[in-house]
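K.L.:
In the working numbering, the protein residues as written are 408 to 807.
1) Ignoring anything shorter than 4 residues or poking outside the region 502-555, list the alpha helix (DSSP H) runs there in chain order.
2) From the DSSP output, in three-state form, read off residue 674 for me.
3) Suppose you measure from the CA of residue 583 to the CA of residue 703; what does that come to, to the nearest Å?
4) What number of angstroms, rounded off, separates the C-alpha of residue 773 from the C-alpha of residue 747?
5) Nearest-angstrom Cα distance between residue 711 and residue 697?
6) Taking the runs of the beta strand (DSSP E) that are 3 residues or longer, which of them lie wholly in the region 586-657?
7) Let me make sure I understand the geometry here. Which of 499, 554, 537 and 699 has the alpha-carbon closest to that of residue 521?
8) Where does residue 576 fall in DSSP's three states?
9) Which residue comes first and which comes last in the beta strand (DSSP E) that contains residue 449?
10) Residue 771: which of 734, 718 and 433 sits nearest, CA to CA?
11) Between which two residues does the beta strand (DSSP E) containing residue 724 stretch?
12) Taking just the CA atoms, how far does residue 641 sit from residue 688?
13) With DSSP collapsed to three states, give me the class of residue 788.
14) Can you find the residues in the same chain that come closer than 7 Å, C-beta to C-beta, to residue 516, ignoring five residues on each side of it along the sequence?
15) For residue 709, count neighbouring C-beta atoms within 10 Å of its own C-beta (all shown protein chains included) and say buried if the count is 16 or more, exposed if not.
16) Less than 8 Å separating the beta-carbons of residue 617 and residue 448?
17) Rounded to the nearest angstrom, what separates residue 786 and residue 743 at their Cα positions?
18) Tell me the rounded alpha-carbon separation between residue 574 and residue 500.
19) Which one or two residues does DSSP pair with residue 464 in a beta bridge?
20) What residue range is occupied by the uninterrupted beta strand (DSSP E) comprising residue 682?
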C-alpha cells in the first residue's frame, strides 16, 4: 500500500542543491466547496494543504534561469531561460510558460519592469494534473520568490491576483481565481471571486481529510471551455423565452460570467429548464444547486453549528452534482470513490476540474481510519494518497 506521509520541511529543502539566497513556497489546495463555480463569479471554499511547491533562488543573473527537479527526475526537459522584460510564451504546453506569464503579468498589470532575473531551482510535492492546483502553487511560489528577491512589497491580494492574471490573461487558460487565491492566502477561505474580489477566513476546526491521486490526468484548458460554452448556450435559449419573468430575465446575461447566479434560485428557473436540451438544463441546475449547498455549509460554519455529519452530507451531494449534472466524473473515479466510502470515508468528492485528478475525502480523526481509506482507493486503482491538513499560504522559508 502506497501511503505518502508529508516529509518535514528540512528534508524537502535538502533536495535543493547549493546554498540558496532565499527559498519561497506555496501550497496546493483541495477544492472543498462549490467546485466549477469560481469562473461564474460564485463564492467558493478552497483549503490550502501541506503539499507545497518550493523555489530556491541561487543567484542573480541577466535572465531568469529556472530548473525543475521533478522534470529532471522524470527525464524530461527541465530547464528554461527567458528575459526579465516581455518574456514570450513558447508554443504548446511548455511548463516554463507559467513562469514567463508571471513575469509578463508583473509588467502588464502592475508596471513592474525588472532589469535582471535570477537562477532558481524548483521542487514540487504537488502532482501535475492531480486536481490539487499544481500550476497555481508554481505561479504563486515563483511570484513570492520574485517579490522577495527584488523587494517589490506585494501584499497577498496582489500576489494572488497577479498569479491569476498570469494564467488567465497572459497564458490564456480559462481558469477562475480559486486556485491562486487559495495558494496565496492559505488555510480555509471563502472567496468571492467577482471583482471587487473579497476573501474571508473560515474556521473549519480540526477537519480531518485525505486526498488520493487517481493517476488519471486532466487539463483545465480542456474541460472549462466546454462547460462555459454550454452555459452560454443555455442562457441564450432561456433569454429567448418570451414568457420569462422580468424578475428572472434581469438576473441573466448572454455571458455566463456576467449572469447574477447568486441572485437566481433553482425554484424560479426550474420551470424553464425543460425547454432546454437535457445536458444544458443540467449545467444550469448544477450551478444553482451547487451554490445553494455551499451557502448552507457556509451559514453553518459561520454559526459554529456545522456538524461532521452535515458536512459529509453536503460534500457527498456536491460530488453527485458534479457527476450527474456536470458530467466530470468517470467510471474509474466512481470505483475509487465507492471503495473509499466502503473503507470508512464519511464523504468523497472530486477535487478540481474532474475527468481525472484527485478525490477529497472527509474522515474520522484516527490515522488508522485514514490509512484504510487510502488503502481502499489504491486497491481500486488510485495512484497514491495522503493524509493532509490545512497549511499556510505563500511564504519565504529561508532568506540570507
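Cβ coordinates follow ideal geometry from the N, Cα and C atoms, glycine included.
Given the structure is predicted, the values throughout are model-derived calculations rather than measurements.
P.N.:
Let me lay it out:
1) 504-517
2) helix
3) 22 Å
4) 15 Å
5) 21 Å
6) 596-599, 605-608 and 616-620
7) 554
8) helix
9) Taken as a continuous stretch (DSSP letters only), residue 449 belongs to no beta strand (DSSP E), as it is neither H nor E.
10) 718
11) Note, residue 724: premise wrong, no beta strand (DSSP E); alpha helix (DSSP H) at 715-731.
12) 7 Å
13) coil
14) 569 and 572
15) exposed
16) no
17) 8 Å
18) 12 Å
19) 429 and 527
20) No beta strand (DSSP E) contains residue 682, which DSSP labels as neither H nor E.
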